[in-house]
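Participant:
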Ligand code: SF4
Ligand code: SF4
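Numbering (the working numbering), first residue to last: 1485 to 1808.
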């Protein structure tokens, strides 16, 4: 008879459960610069349209927090080298923020610095990341552009939108505390291309093209949208997945107190002809109708408050309030 697996520690379970209980839904108000280097346009569209609720186990959530906690330490380390590091914008007292496309695209910088030993007279965008030993070895061998294209893209967006010419990428190996520092030059063409991609994603009323039609493709296997994209799973119900919603310019901050507060573009509901606050968008309403491409079937009929679909198995499904 096989041995029983060891009983999990109730303390460890409780620690991770607390992370899960406090976890956010993962729905970011704007399309983040940290995502724009994803290779799959459809995944970016799904991110922006809040199709998939984040569901990370407690251990992974704690790992994310480890990366955030490291940021303050790296800032202190850089200041000890004599550099001037501004981790917040002195005018706002908040993290440096960049945005484009009416506030629907943007991101928050880890900081900016002057007096870095490699080029003391040049302002740098700062980007900090922690890495596993394997990832860190690849980074040292290939450089950030090759080994971490999403991080490279994130920095290019920040450079393009701040107008700075250099970024400093500071990476820490979580296993050994070894540090890798790399300076990255602004590449205007890359920055423009990334901004154009963001615009396409934001203004597309329908999902953009898939990276792969093969559910077993390696990036698809790692993608949080896999059940929706390849298995016919349901998308989340909120205003962003509703066919009545459209992104528009302007918007509001999610919180006036949070140093990481997101500002973002606005959203409009054609059904009620009104703008939607972030809370409205999360809540949706009883008149929600899925964007048809999110339903694994073919629309065959529609009315004011419903759409009838024929599903792949021949069954009929009515989205919304069926007529009596
Ligand atoms: S599962 Fe694959 S094709 Fe679908 S969104 Fe994710 S990466 Fe793109
Ligand atoms: S308020 Fe209702 S009808 Fe309007 S976009 Fe949101 S879910 Fe759709």
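Just so you know, even glycine gets a beta-carbon here, dropped at the ideal spot from N, CA and C. In this text the structure is predicted, and so the values were computed from the model without any measurement.
Can you have a look at residue 1665 and say buried or exposed, based on whether 16 or more other CB atoms are within 10 angstroms of its CB?
Facilitator: Label assigned to residue 1665: exposed.
Participant: Touch check for the region 1597-1610 and the region 1567-1585: three-plus C-beta pairs under 8 angstroms?
Facilitator: Contact between the region 1597-1610 and the region 1567-1585 is present, because at least three Cβ pairs lie under 8 angstroms.
Participant: Within 10 Å of its beta-carbon, does residue 1593 have 16 or more other beta-carbons around it, so buried, or fewer, so exposed?
Facilitator: The residue in question, residue 1593, is buried, as its Cβ has 16 or more Cβ neighbours within 10 Å.
Participant: Considering only heavy atoms of ligand 2, does any lie closer than 7 angstroms to the CB of residue 1760?
Facilitator: Under cutoff, so the answer is yes.
Participant: Express the C-alpha separation of residue 1557 and residue 1493 in angstroms, rounding to a whole number.
Facilitator: Straight-line Cα distance between these residues: approximately 31 angstroms.
Participant: Could you tell me which residues DSSP pairs with residue 1803 in its beta bridges?
Facilitator: BP columns for residue 1803 point to 1791.
Participant: In whole angstroms, give me the CA-to-CA distance for residue 1740 and residue 1580.
Facilitator: At residue 1740 the pLDDT is 40, less than 50, meaning the model places this residue with poor confidence and gives no usable figure here.
Participant: Between residue 1527 and ligand 1, is there a pair consisting of the residue's CB and a ligand heavy atom that are separated by less than 7 angstroms?
Facilitator: Yes, ligand 1 has a heavy atom inside 7 angstroms of this Cβ.
Participant: Would you kindly report the start and end of the unbroken alpha helix (DSSP H) that includes residue 1641?
Facilitator: Start and end: 1633-1646.
Participant: In angstroms, rounded to a whole number, what distance separates the CA positions of residue 1764 and residue 1723?
Facilitator: Between residue 1764 and residue 1723, the C-alpha separation is close to 8 angstroms.
Participant: Please give me, in chain order, every unbroken run of the alpha helix (DSSP H) with length at least 4 that falls completely inside the region 1508-1592.
Facilitator: Counting whole runs of 4 or more residues, the region 1508-1592 contains the alpha helix (DSSP H) stretches 1525-1532, 1542-1564.
Participant: Can you tell me which of the three DSSP states residue 1811 falls into?
Facilitator: The structure shown does not extend to residue 1811, since the chain is modelled only from 1485 to 1808, so the question has no answer here.
Participant: What's the C-alpha gap between residue 1683 and residue 1585?
Facilitator: Cα to Cα, the separation comes out at about 7 angstroms.
Participant: When a residue counts only if its C-beta is closer than 5 angstroms to some heavy atom of ligand 2, which residues count, in chain order?
Facilitator: Cβ-based neighbours of ligand 2 within the cut-off: 1723, 1726, 1728, 1729, 1753, 1755, 1768, 1769, 1771, 1772.
Participant: Compute the Euclidean distance between the alpha carbons of residue 1785 and residue 1753, then round it to the nearest angstrom.
Facilitator: Each residue's Cα considered, the two are about 22 angstroms apart.
Participant: Considering only their Cβ atoms, is the gap separating residue 1768 from residue 1805 smaller than 8 angstroms?
Facilitator: No, the pair does not count as a contact, with Cβ atoms beyond the cut-off.
Participant: Between the alpha carbons of residue 1589 and residue 1633, how many angstroms are there, rounded?
Facilitator: So the alpha carbons of these two residues sit roughly 18 angstroms apart.
Participant: Quick one: what's residue 1663 bridged to in DSSP?
Facilitator: According to DSSP, which records beta bridges pairwise, residue 1663 is partnered with 1656.
Participant: Any heavy atom of ligand 1 inside 7 angstroms of the beta-carbon of residue 1530?
Facilitator: The answer is yes for residue 1530.
Participant: Determine whether the beta carbon atoms of residue 1751 and residue 1732 lie at a separation below 8 angstroms.
Facilitator: Yes, Cβ-Cβ distance for residue 1751 and residue 1732 is below 8 angstroms.
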